[in-house]
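Residue numbers (the numbering used here): 77 to 202.
#1: Taking the straight line between their C-alpha atoms, what separation do you get for residue 144 and residue 132?
#2: With DSSP as the reference, label residue 268 as helix, strand or coil.
#3: Considering only residues of the same chain and omitting the five flanking positions on each side of residue 79, which have a CB-CB separation below 6 Å?
#4: State the beta-bridge partners of residue 96 as determined by DSSP.
#5: Using the C-alpha atoms, what's the distance from residue 125 back to residue 102?
#6: Only counting the same chain, and skipping five residues up and downstream in sequence, which positions put a Cβ closer than 7 Å to that of residue 147?
#7: Evaluate residue 166 with the Cβ neighbour count: other Cβ atoms within 10 Å of its Cβ, from every protein chain shown; 16 or more gives buried, anything less gives exposed.
#8: Residue 190: which of 181, 179, 174, 98 sits nearest, CA to CA?
#9: Going by the DSSP bridge assignment, what does residue 166 pair with across the sheet?
Shown next as structure tokens:
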């Protein structure tokens, strides 16, 4: 879901090269409408978010059954944890690399395999 003309985006987005932010799979932008490549970039991030949730589900359920149900909070926040951890450690996000590389490709979702952002790990250039 993309929410256009959002007050949250106007409040939180301060970088010059960003016009949106994503929170738990919902994209907030301060524009009234977006170009196709911008919308495609947001949709790629949403797909990445869903994949991270699926990848975090099994370990979180195992930890929840063994120790505490608080580990279930890892499922919706796995994408954000990976994103910020990667930005903090190597200053480049593999999620952003994939989204920027394929934002102009209209048929990308038909060809896309599960979790292709993993091949961009530890690479500075695309």
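Each residue gets a CB set at the ideal place from its N, CA and C atoms; glycine is no exception.
Quick answer:
#1: Along the chain shown, one-based indexing puts residue 144 at 68. Along the chain shown, one-based indexing puts residue 132 at 56. Their Cα atoms are separated by approximately 16 Å.
#2: The shown model of the chain, from 77 to 202, leaves out residue 268, and the question about it has no answer.
#3: Reading the chain shown from its first residue, position 3 is the one you call residue 79. Excluding sequence neighbours, residue 79 sits near 104.
#4: Stepping through the chain shown from its first residue, residue 96 is reached at position 20. According to DSSP, which records beta bridges pairwise, residue 96 is partnered with 105.
#5: Here residue 102 refers to the residue found at position 26 when the chain shown is read from its first residue. Here residue 125 refers to the residue found at position 49 when the chain shown is read from its first residue. Roughly 10 Å separates the two Cα atoms.
#6: As a first step, residue 147 must be located in the chain shown, where it is residue number 71. These residues qualify, in order along the chain: 136, 139, 140.
#7: Position 90 of the chain shown, counted from the first residue, corresponds to residue 166. By the 10 Å Cβ count, residue 166 comes out exposed.
#8: Stepping through the chain shown from its first residue, residue 190 is reached at position 114. Of 181, 179, 174, 98, the residue nearest in Cα terms is 174.
#9: Counting from one through the chain shown, the residue named residue 166 turns up at place 90. Note: residue 166 sits in no beta bridge, so no partner.
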